[in-house]
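Residue numbers for the sequence shown, in the numbering used here: 206 to 502.
Note that beta-carbon positions come from the ideal geometry of N, C-alpha and C, so glycine has one too.
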Amino acid sequence: MTADFKADKIMFMIAAAVIVFVIAQSVFFIVKSWKRAKELGISESTLKSTVSSSALFTVAPAISILATVFVLANALGIVLPWIRLSVIGNLAYETTAAQTTLDYWGIALNKSVSDPQQFATITVAMTIGSIAPLLMIPFLCKPLQKKVGFAMNKGKEDSEDDEDAPKKKTNLGDVISAGAFIGIVAAFVAREINGRTVATTNRLDAAGNSIVNADGTIEKVKNITGSAGVVSILVLICSMLFMTILTIICKKFKLSKLEPFIMPIAMFAAMGMAILFMNFLPESVSGMTWYEIGAEV
206 MTADFKADKI MFMIAAAVIV FVIAQSVFFI VKSWKRAKEL GISESTLKST VSSSALFTVA
266 PAISILATVF VLANALGIVL PWIRLSVIGN LAYETTAAQT TLDYWGIALN KSVSDPQQFA
326 TITVAMTIGS IAPLLMIPFL CKPLQKKVGF AMNKGKEDSE DDEDAPKKKT NLGDVISAGA
386 FIGIVAAFVA REINGRTVAT TNRLDAAGNS IVNADGTIEK VKNITGSAGV VSILVLICSM
446 LFMTILTIIC KKFKLSKLEP FIMPIAMFAA MGMAILFMNF LPESVSGMTW YEIGAEV
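What follows is the structure, encoded as structure tokens:
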């Protein structure tokens with residue numbers, strides 16, 4: 206194993222195998238779908254238009270995934286995030302899985318993981334740990350889909366049946382989707398506002414065992430996680446402003462094709478602002494952080 210095990214040849218070989226499999230699977234279904242569409246009498250011009258529009262609308266989520274790779278690359282290297290996000294995943298889930306595991310050792314996402322054991326644990330959390338939902342889908346998806354679909358469309362159906370009801374009524378599906386999204390965003394916002402956390406754990410040796418002092422007591426270490434500070438708050442405000450401004454522009458000028466790109470553009474713009482803040486603000490300001498209430502530093 207090389208010194209930089211995160212970019213070892215075997216890692217790139219695994220990445221290549223995974224990506225080739227994903228591309229082969231995509232090509233297989235495109236060919237099968239194209240042939241089936243021909244059998245149904247769909248014109249070639251319609252098929253080409255459908256493929257082109259579908260390819261265009263994959264650009265926005267692809268940019269978000271690329272941003273996630275950049276976020277995770279500092280701690281985990283480029284290969285593992287590349288492998289993981291080539292299959293399934295997004296910023297909210299993968300950063301949560303990685304950060305939750307890193308918190309155990311008191312490591313932040315902005316610091317490189319140098320311990321192979323820690324790296325392996327994070328890999329398991331991000332890969333094998335996400336298999337359970339995929340295994341449940343074939344058995345639970347169909348019955349759940351019917352019930353969820355009924356619940357989500359109930360508000361719409363009630364509005365259509367009731368002539369006196371408002372013409373535009375929000376259905377339950379819109380409420381659930383909005384609530385879930387706000388919940389995910391709120392979790393990340395709270396982390397950046399609440400303050401850095403301090404947890405006292407046993408100091409471990411290279412084998413993962415607790416270190417015992419000469420007097421028989423177990424050596425302790427304080428793990429500090431989080432990056433709540435002036436820069437994180439400024440970046441949060443900037444990202445909110447970018448999202449708001451872009452949303453207003455899209456609505457005012459009816460740029461519906463730009464809407465899928467609002468979040469990726471806001472993410473990259475906020476990342477750019479973070480770089481500017483770190484480089485141009487005085488160090489006494491950019492380095493200012495705080496701890497959560499009650500933390501024993």
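For residue 424, no alpha helix (DSSP H) run applies, since DSSP gives it neither H nor E. A residue is called buried once 16 or more other Cβ atoms fall within 10 Å of its Cβ, and residue 468 is buried on that count. Counted as a single uninterrupted DSSP element, the alpha helix (DSSP H) harbouring residue 286 occupies residues 284-290. If you draw a straight line from the Cα of residue 433 to the Cα of residue 396, it is about 7 Å long. The count of Cβ pairs closer than 8 Å, one atom from the stretch 299-306 and one from the stretch 264-284, reaches three, so the stretches are in contact. Between residue 489 and residue 436, the C-beta spacing is not below 8 Å. Less than 8 Å separates the beta-carbon of residue 471 from that of residue 448.
DSSP places residue 319 outside both helix and strand once states are collapsed to three, so it counts as coil. Boundaries of the alpha helix (DSSP H) harbouring residue 239: 214-244, taken from the DSSP string. In the structure shown, the three-state DSSP call for residue 388 is helix. When beta bridges are read from the DSSP output, residue 477 appears opposite no residue.
Rounded to the nearest angstrom, the Cβ distance from residue 444 to residue 419 is 51 Å, too far for a contact under 8 Å.
In the DSSP assignment, residue 334 forms no beta bridge with any residue.
Across the set 481, 407, 342, the C-alpha of 407 shows the shortest separation from the C-alpha of residue 310. Residue 391 and residue 240 have their C-alpha atoms spaced approximately 45 Å apart. Under the Cβ criterion (8 Å, minimum of three pairs), the stretch 278-294 counts as touching the stretch 223-232. For residue 464, no alpha helix (DSSP H) encloses it, and the DSSP letter there is neither H nor E. Taking C-alpha positions only, residue 280 is separated from residue 287 by approximately 13 Å. Annotated as proximal: residue 285 and residue 328, with beta-carbon spacing under 8 Å. For residue 442, the closest alpha carbon among the candidates 394, 416, 460, 270 is that of 394. A distance below 8 Å between beta-carbons, with the five flanking residues on each side excluded, links residue 495 to the following residues of its chain, in chain order: 400, 401, 433, 434. Put simply, the backbone Cα of residue 306 is about 10 Å away from that of residue 314. Under the rule that a run must span 4 or more residues, the alpha helix (DSSP H) segments found entirely inside the stretch 245-276 read 249-262. The residue from 238, 244, 267, 271 with its alpha-carbon nearest to that of residue 255 is 238. For a cut-off of 8 Å, the C-beta gap from residue 242 to residue 252 is around 6 Å, short enough to register as a contact.
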